[in-house]
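Let me begin by presenting the structure, written as C-alpha coordinates, before commenting on it.
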Amino acid sequence: MPFYEHVFIARQDLSQAQVDALAETVTNVIGEYKGQVHKTETWGLKQLAYKIAKNRKGHYVMLSAEVSGEAIAEIERQAAINEDIIRWLTIKVDELEKGPSVMMRKQERRGGRGRDRDGEE
(Lines of atoms letter the chains of each structure in order from A and count residues from 1; the text may use other names and numbers.)
(Lines give C-alpha, C1' and ligand atoms only; values in the text may rest on other atoms or scores of the structure.)
Protein backbone atom coordinates (compact mmCIF):
# COMPACT_ATOMS: atom_id res chain seq x y z
CA MET A 1 0.00 0.00 0.00
CA PRO A 2 1.21 3.54 -0.65
CA PHE A 3 2.15 6.04 2.05
CA TYR A 4 0.22 9.28 2.61
CA GLU A 5 0.47 12.27 4.91
CA HIS A 6 -2.84 13.97 5.65
CA VAL A 7 -3.02 17.36 7.38
CA PHE A 8 -6.24 19.07 8.36
CA ILE A 9 -7.09 22.37 10.04
CA ALA A 10 -10.05 22.42 12.43
CA ARG A 11 -12.00 25.51 13.50
CA GLN A 12 -10.49 27.64 16.25
CA ASP A 13 -13.52 27.38 18.57
CA LEU A 14 -13.26 23.59 19.00
CA SER A 15 -11.91 22.05 22.17
CA GLN A 16 -8.88 19.76 22.08
CA ALA A 17 -11.18 16.79 22.77
CA GLN A 18 -13.24 17.63 19.68
CA VAL A 19 -10.07 17.92 17.57
CA ASP A 20 -8.89 14.55 18.90
CA ALA A 21 -12.29 13.07 17.96
CA LEU A 22 -11.84 14.36 14.38
CA ALA A 23 -8.42 12.70 14.22
CA GLU A 24 -9.93 9.50 15.59
CA THR A 25 -12.55 9.57 12.82
CA VAL A 26 -9.79 9.69 10.20
CA THR A 27 -7.98 6.85 11.97
CA ASN A 28 -11.17 4.76 11.96
CA VAL A 29 -11.64 5.25 8.21
CA ILE A 30 -8.06 4.13 7.62
CA GLY A 31 -8.72 1.05 9.77
CA GLU A 32 -11.91 0.22 7.83
CA TYR A 33 -9.86 0.14 4.62
CA LYS A 34 -7.23 -2.17 6.20
CA GLY A 35 -4.66 0.61 6.39
CA GLN A 36 -2.30 1.51 9.21
CA VAL A 37 -1.69 4.87 10.87
CA HIS A 38 2.01 5.21 11.69
CA LYS A 39 1.94 8.61 13.37
CA THR A 40 -0.60 11.23 14.49
CA GLU A 41 0.56 14.66 15.64
CA THR A 42 -1.40 17.60 16.99
CA TRP A 43 0.48 20.79 16.22
CA GLY A 44 -1.82 23.01 18.28
CA LEU A 45 -3.79 26.18 17.65
CA LYS A 46 -1.86 28.30 15.16
CA GLN A 47 -2.37 31.62 13.42
CA LEU A 48 -3.59 31.29 9.81
CA ALA A 49 -1.95 33.26 7.00
CA TYR A 50 -5.38 34.66 6.10
CA LYS A 51 -8.91 34.40 7.48
CA ILE A 52 -10.74 31.22 6.44
CA ALA A 53 -14.50 31.01 7.05
CA LYS A 54 -14.26 33.68 9.80
CA ASN A 55 -11.38 31.83 11.51
CA ARG A 56 -8.09 33.61 12.20
CA LYS A 57 -6.57 30.53 13.89
CA GLY A 58 -6.93 26.78 13.48
CA HIS A 59 -6.03 23.49 15.14
CA TYR A 60 -3.52 21.61 12.96
CA VAL A 61 -3.39 17.79 12.94
CA MET A 62 -1.15 15.54 10.81
CA LEU A 63 -1.54 11.80 10.21
CA SER A 64 1.02 9.57 8.47
CA ALA A 65 -0.50 6.36 7.13
CA GLU A 66 -0.04 3.40 4.86
CA VAL A 67 -3.41 3.06 3.14
CA SER A 68 -5.18 2.64 -0.18
CA GLY A 69 -6.29 5.49 -2.41
CA GLU A 70 -9.94 4.55 -1.79
CA ALA A 71 -9.50 5.34 1.91
CA ILE A 72 -7.96 8.72 1.08
CA ALA A 73 -10.92 9.48 -1.20
CA GLU A 74 -13.31 8.67 1.67
CA ILE A 75 -11.32 10.76 4.16
CA GLU A 76 -11.39 13.74 1.80
CA ARG A 77 -15.12 13.24 1.11
CA GLN A 78 -15.84 13.32 4.85
CA ALA A 79 -13.60 16.37 5.33
CA ALA A 80 -15.50 18.21 2.59
CA ILE A 81 -18.84 17.76 4.35
CA ASN A 82 -17.57 18.28 7.91
CA GLU A 83 -18.17 21.87 9.06
CA ASP A 84 -15.47 21.58 11.74
CA ILE A 85 -12.66 21.06 9.19
CA ILE A 86 -11.83 24.28 7.34
CA ARG A 87 -8.93 23.00 5.17
CA TRP A 88 -7.14 19.74 4.46
CA LEU A 89 -4.29 18.47 2.34
CA THR A 90 -3.22 14.92 1.50
CA ILE A 91 0.05 14.08 -0.22
CA LYS A 92 1.45 10.76 -1.36
CA VAL A 93 5.03 10.21 -0.19
CA ASP A 94 7.67 7.64 -1.09
CA GLU A 95 8.34 6.85 2.56
CA LEU A 96 7.19 8.09 5.94
CA GLU A 97 9.45 10.26 8.06
CA LYS A 98 10.80 8.54 11.15
CA GLY A 99 10.47 10.36 14.46
CA PRO A 100 8.78 13.72 14.98
CA SER A 101 7.91 15.95 12.03
CA VAL A 102 9.62 19.25 11.32
CA MET A 103 6.77 21.09 13.08
CA MET A 104 7.27 19.08 16.27
CA ARG A 105 11.05 19.53 16.22
CA LYS A 106 10.54 23.29 15.76
CA GLN A 107 8.25 23.37 18.82
CA GLU A 108 10.73 21.38 20.90
CA ARG A 109 13.47 23.91 20.19
CA ARG A 110 11.19 26.71 21.37
CA GLY A 111 9.65 24.73 24.24
CA GLY A 112 6.26 24.53 22.49
CA ARG A 113 3.25 22.58 23.60
CA GLY A 114 2.50 20.48 20.50
CA ARG A 115 2.08 16.81 21.20
CA ASP A 116 2.20 13.46 19.52
CA ARG A 117 -0.93 11.34 20.15
CA ASP A 118 1.26 8.26 20.39
CA GLY A 119 2.78 9.67 23.59
CA GLU A 120 6.04 10.76 22.02
CA GLU A 121 7.42 14.26 22.15
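Heads up: the sequence shown begins at 1 in UniProt numbering, then just goes up one per residue. A virtual CB, placed ideally from N, CA and C, is assigned to each residue, including glycine. None of these values were measured; they are calculated from a predicted model.
Pick from the options that is closest to residue i, judged by C-alpha positions
i, options, result
"Glu83", "Val19, Glu5, Tyr4", "Val19"
"Thr27", "Asp13, Arg11, Tyr4", "Tyr4"
"Thr90", "Lys46, Arg77, Lys98, Gly99", "Arg77"
"Ser101", "Ala21, Glu41, Leu14, Thr25", "Glu41"
Backbone CA spacing between residue i and residue j [nearest angstrom]
i, j, result
"His59", "Val7", "10 Å"
"Ala10", "Pro2", "26 Å"
Proximity below 8 Å, CB of residue i to CB of residue j
i, j, result
"Tyr33", "Val67", "yes"
"Ala23", "Leu48", "no"
Whole-number beta carbon distance between residue j and residue i, since they are thought to touch under 8 Å
i, j, result
"Ala71", "Gly35", "5 Å"
"Ile86", "Asn55", "6 Å"
"Gln12", "Lys57", "4 Å"
Outcome for residue i when other beta-carbon atoms lying within 10 angstroms are tallied against a minimum of 16
i, result
"residue 169", "Nothing about residue 169 can be read from this structure; the chain reaches only from 1 to 121."
"Glu95", "exposed"
"Ala80", "exposed"
"Ala65", "buried"
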